[in-house]
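Taking it in order: structure first as structure tokens, then the write-up.
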Amino acid sequence: MQRTDDRERAGARLDAAATDIVALSHAIHARPELAFEEVASSAATADLLRQAGFDVEPGVAGLPTAFDARFGSGDLVVAVCAEYDALPEIGHACGHNIIAASAVGTGIALASVADALGITVRVLGTPAEESGGGKVVMLDHGVFDGVALALMVHPGPFDVAGARSLALADIAVRYTGREAHASAAPEWGINAADAATVAQVAVGLLRQHLRPGQQVHGIVSNGGAAPNIVPGLTELLYYLRAETAESLANLTERASGCFEAGAVATGCTHEVVTVSPTYTELTPDPWLVETYREAARALGRTPLTPEEEVFRPLGSTDMGNVSRVIPSIHPVIGLDSQGSVTHQPGFAAACVTESADLAVLDGARALIDVAIAAATDPVQRDRLLEGAQTRKAAQ
């Protein structure tokens, strides 16, 4: 009975705030900001929480666009993650405006029942998911300490309760050769662009022999200055992905041989630099996943079956690192994207439609139900509290 009453009270609070929550989604979408530069988006997200009575601490973990908003004093700490960074050139083609707004809606609604449930609600503003690993930095700085469960919802073309992701290494490969006149004195040059070419060919040949679930993709971010100058400096940006952190370590070792081959073949020197913290794969909590699945179905949604989820890895996310430490979920809330998928301009356009606005509110409703279920189920509450206490004792 308590769960039903709390759900109704939280749902009514969400409905009352719906106009402001949807407006936040549209405002973030209209002003896309890249990783660690989400000044307006972070401020707008935090301001709406502050207006709802949350205590907001900006700039946590030394990140100017991160924040920690808190409400309540219960022993069960529920964290809801808000993302708001955009992609270069194509804006919010991953729908982080929906993530931020849904997180705020979840937080505001749960605040209305925090005392009854004995929970502390924390909405964490987590910048730089696309590149930069804001959650990893926040995790390392202790921002997630004390959290019993962590929740968020991500938009996509269809609903997925037990979303999977791949471990990710974000690297830059830099070759240093020697410039020379490409016509008058090419023999004096050491061609760094040739080194990059050899490396790309080697990576292309390696792909035939990758293990299942391993991926390699990259771009040339610096290919030289002018056609009549032998390039002395070039840079490749690569993502290495795998189903597990262990498989990623294997892939990284094999790819490093390809990058070294470019240097050896051309006489260049090279270095491999980590651009962003390494992301681990998502390991969502099974009970939280199934509770979310039930909540989504109650909203009239049809998430993929567990059997179908296995074949639908959804890129990579720094929420994977959180999920390895704290019971977490990162489900996908479906919207009508007119056949487009994430990281396409068409998906960016779809993220401010009526269907997207429904995804904001439905995503919040489902997360609210998960949090209430966790707080009111004695077995699960004890499990989650014990896990948080164990982690605290180990620190």
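Position one of the sequence shown corresponds to residue 29 (this note's numbering), numbered consecutively onward.
Cβ coordinates follow ideal geometry from the N, Cα and C atoms, glycine included.
Keep in mind that this is a model prediction, so the values were computed, not measured.
Burial state of A128, where buried means 16 or more other Cβ atoms lie within 10 Å: Flag for A128 reads buried.
CA-to-CA distance, S159 to S304, given in whole angstroms: Rounded to whole angstroms, S304 to S159 spans 6 angstroms at the Cα level.
Run of the beta strand (DSSP E) containing Y320, from where it starts to where it stops: That residue, Y320, is in no beta strand (DSSP E); its alpha helix (DSSP H) goes 314-326.
Distance between H209 and E180 (C-alpha atoms, nearest Å): Here residue 180 turns out to be Met, not Glu, going by the sequence shown. Roughly 55 angstroms separates the two Cα atoms.
Beta-bridge pairing of L115 - partner residues as DSSP gives them: In DSSP, L115 forms a bridge with G119.
Identity of the residues DSSP links to I247 by a beta bridge: According to DSSP, I247 bridges with L265.
Anticipated Cβ contact below 8 angstroms, A144 with P60, distance rounded: About 38 angstroms separates the two Cβ atoms, so there is no contact after all.
Cut-off 8 angstroms between Cβ atoms - residues of its own chain near A97, not counting five sequence neighbours on either side: Same-chain partners within the cutoff: A74, L77, R78, F82, D83, V84, E85, G135, R150, V151, L152, G153.
Delimiting residues of the alpha helix (DSSP H) encompassing F82: Per DSSP, F82 belongs to no alpha helix (DSSP H) and is neither H nor E.
Counterpart residues of T302 in DSSP-defined beta bridges: For T302, which the question treats as bridged, DSSP gives the partners I199.
Outcome for D410 when other beta-carbon atoms lying within 10 angstroms are tallied against a minimum of 16: It is exposed - the Cβ of D410 has fewer than 16 other Cβ atoms within 10 Å.
S249 classed as buried or exposed, judged by whether at least 16 other C-beta atoms fall within 10 angstroms: Result: exposed.
I354 vs G391 beta-carbon contact at 7 angstroms: The answer is no: Cβ separation not under 7 angstroms.
D346 in three-state terms, based on DSSP: Judged by DSSP in its simplified three-state form, D346 adopts coil rather than helix or strand.
Assigned secondary structure, V141 (DSSP; H/G/I helix, E/B strand, else coil): It is coil, neither helix nor strand.
Own chain partners of Q243 with C-beta closer than 8 angstroms, once the 5 adjacent residues on each side are dropped: Cβ-Cβ distances below 8 angstroms link Q243 to L194, Y267, L268, R269, A270 in the same chain, with the five nearest sequence neighbours on each side left out; the list follows chain order.
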